[in-house]
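J.: Start counting at 1 in the sequence shown, then tack on 890, and there's your number in the numbering used here.
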Amino acid sequence: MVDEVPMAGGREPLGLLETVKEKFKRSDEHSAEWRKNSRDWYDFVAGDQWENEDKQLLREQLRPIITFNRTGPIIEAVAGSEINNRQEVRYLPRTLDDSGPNEGFSEAARWVRDLCDAEDEESDAFMDTLICGIGWTETRMEYEDDLDGEIKIDRTDPLEMWWDPDSKKRNLADARWLMRVKRLSYSDIEALWPSKAAEVIAKGPWDKATDEAMGFEANANSPDQYVDSDYEEWDIRPDRKKIRVVEYQWWEREVVYRVATEEKVVEFNASRFKLLKDGFDSEGTRYLKQTKRVYKRAFIAGETILEEGDGPCDHDFTYKP
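Structure (structure tokens):
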């Protein structure tokens, strides 16, 4: 099941790849001015407050380029206030019986956050909010350092994020989808998706955007450098290539059936319930048809769908503003 975009005139809905392309273009148009301004805002806070034309004029006049950065200290003061007044994640009991478990949950949350330096990552995201208006963190499971898994909370570059332009609520609470475009080396793609790496061709709309608009460094490889002029196939030298990979997360509605047994309520998807329905009816078992949100995730590079399936979290996106 794909979060398909309906087409006018009775045409078939778009598949996953075309859906992601269409949504990226809409979001890119929606946030284009913000992205341009954000680059200027980050430069301004860092002290780079002169236009290139003004710099050139001063150089021609042999005059020093002096900047009195009054913005940076103010931003840092507000960020420092947040650091000095950090909030602790605590689980509060609703009844007297909850007082024991809630202490365990609170200590577990503190332990997880200490291991991944969550406070520092959230402070960095808060700094992003002060500068460009929005900060992002990603909560995920990491299995490379610990094979049993570690919870990670990482600050995410706001300029790598695209979101549902139809979202109206604060913190994009009503967004139907989110998207992150990040650069990975070819060797990373080979390691993560070995069966798909050779199929990747830079033809997605995210490959046509300029590095500056994407928030990448100006000297990064442009899309036309994906394919070496001396080769028909990929030039896979890891020191040469950085490939833009889209992580697309969305939710869709799915019909489920909740069946009341003697001990508990069991949930079945539509296909599973269809096989068991006759037995439930003959036994007089009560059940209820409902609709719920199901979160999905896909990875795309160019025209290639690297991976598609259920999202890591069954009730929310892993990226939060």
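Backbone N, C-alpha and C fix where the C-beta goes; we use that ideal spot for every residue, glycine too.
Do you know how far the Cα of Y1076 is from the Cα of E1089?
T.: In a straight line, the C-alpha of E1089 is about 12 Å away from that of Y1076.
J.: Based on the DSSP secondary-structure assignment, which residues constitute the bridge partners of D1200?
T.: Beta-bridge pairing links D1200 to K1186.
J.: Would you report the Cα separation of S1172 and L1165, rounded to the nearest angstrom?
T.: Near 13 Å, if we compare the C-alpha coordinates of L1165 and S1172.
J.: Thinking C-alpha only, which one of N927, I956, L952 and Q951 is nearest W940?
T.: The residue with the shortest Cα to Cα distance from W940 is I956.
J.: For a test of the three-state rule: what should DSSP assign to N1159, helix, strand or coil?
T.: N1159: strand per DSSP, three-state reduction.
J.: Say whether the segment 1067–1075 touches the segment 1036–1055, bearing in mind that this needs 3 or more beta-carbon pairs closer than 8 Å, one atom from each stretch.
T.: With the cut-off at 8 Å, the segment 1067–1075 and the segment 1036–1055 touch.
J.: Can you say whether A1087 is buried or exposed, counting buried as having 16 or more other CB atoms within 10 angstroms of its CB?
T.: Result: buried.
J.: Taking the beta carbon of R980 as the centre, do at least 16 other beta carbons fall within 10 Å, making it buried, or is it exposed?
T.: Result: exposed.
J.: For the alpha helix (DSSP H) holding L1068, just list the boundary residues, first then last.
T.: Per DSSP, L1068 belongs to no alpha helix (DSSP H); it is in the beta strand (DSSP E), W1067 to S1075.
J.: Among K1210, T1175, D1014 and E978, which one has its Cα closest to the Cα of A998?
T.: Cα-wise, what sits closest to A998 is E978.
J.: Bridge partners of D930, per DSSP?
T.: Bridge partners of D930: none, in fact.
J.: Using CA coordinates, which residue listed in D944, D933 and L948 is at the minimum distance from T961?
T.: It is D933.
J.: Hey, how far is the Cα of D1044 from the Cα of L907?
T.: For D1044 and L907, the distance between alpha carbons rounds to 27 Å.
J.: How would you label A1015, buried or exposed, when you count the other beta carbons within 10 angstroms and need 16 or more for buried?
T.: Buried, since its Cβ has 16 or more Cβ neighbours within 10 Å.
J.: Among P1211, L904 and G905, which residue has its Cα nearest to the Cα of K1059?
T.: With distances taken between Cα atoms, K1059 lies closest to P1211.
J.: Compute the beta-carbon to beta-carbon distance between V1146 and N1159, rounded to the nearest angstrom, for a pair I have assumed lies under 8 Å.
T.: About 6 Å; that satisfies the 8 Å criterion.
J.: What three-state label does DSSP hand I965 in the structure shown?
T.: Note: I965 maps to helix in three-state DSSP.
J.: Tell me which residue opens and which closes the alpha helix (DSSP H) that I1021 is part of.
T.: Start and end: A1008 to C1022.
J.: Buried or exposed: which applies to K926, given that a residue is buried once 16 or more other Cβ atoms fall within 10 Å of its Cβ?
T.: Counting Cβ neighbours within 10 Å, K926 comes out exposed, since fewer than 16 surround it.
J.: Do the CB positions of V910 and Y1185 come within less than 7 Å of each other?
T.: Contact: no.
J.: What do you get for Y1033, buried or exposed, if any count of 16 or more other CB atoms within 10 angstroms of its CB means buried?
T.: Per the 10 Å Cβ criterion, exposed.
J.: If I follow the unbroken alpha helix (DSSP H) through V1002, where does it start and stop?
T.: Unbroken alpha helix (DSSP H) run through V1002: S989 to L1005.
J.: Can R949 be considered in contact with the ligand GDP, in the sense that its beta carbon sits closer than 6 Å to one or more heavy atoms?
T.: The model on display carries no ligand, and the ligand GDP is accordingly not part of it.
J.: By DSSP, does Q1139 sit in helix, in strand, or in coil?
T.: Strand, per DSSP.
J.: Distance check for E1153 and T1175, CA to CA, integer angstroms please.
T.: Taking the straight line from one Cα to the other gives about 13 Å.
J.: What first and last residue would you give for the beta strand (DSSP E) that runs through K1042?
T.: From DSSP, the beta strand (DSSP E) with K1042 extends over E1040 to T1046.
J.: Given a threshold of 16 other Cβ atoms within 10 Å of its Cβ, counted over all protein chains shown, does E1012 qualify as buried or as exposed?
T.: E1012 comes out buried.
J.: By the 10 Å Cβ neighbour count, where 16 or more other Cβ atoms means buried, how is K913 classified, buried or exposed?
T.: Burial call: buried.
J.: Could you tell me the alpha carbon to alpha carbon distance between N975 and E950, rounded to whole angstroms?
T.: If you take the alpha carbons of N975 and E950, they lie about 48 Å apart.
J.: With a threshold of 16 other CB atoms inside 10 Å of the CB of R1134, please say whether the residue is buried or exposed.
T.: Buried is the call here.
J.: State the DSSP-derived secondary structure class of A1063, mapped to helix, strand or coil.
T.: In the structure shown, A1063 sits in coil (DSSP, three-state: anything other than H, G, I, E or B).
J.: How about W931 and I1021: are their beta carbons less than 7 Å apart?
T.: Yes, these two residues count as a Cβ contact at 7 Å.
J.: What's the call for D1018, buried or exposed, on a 16-neighbour Cβ count within 10 Å?
T.: With 16 or more other Cβ atoms within 10 Å, it is buried.
J.: Using three-state DSSP, classify R953 as helix, strand or coil.
T.: Three-state result, R953: coil.
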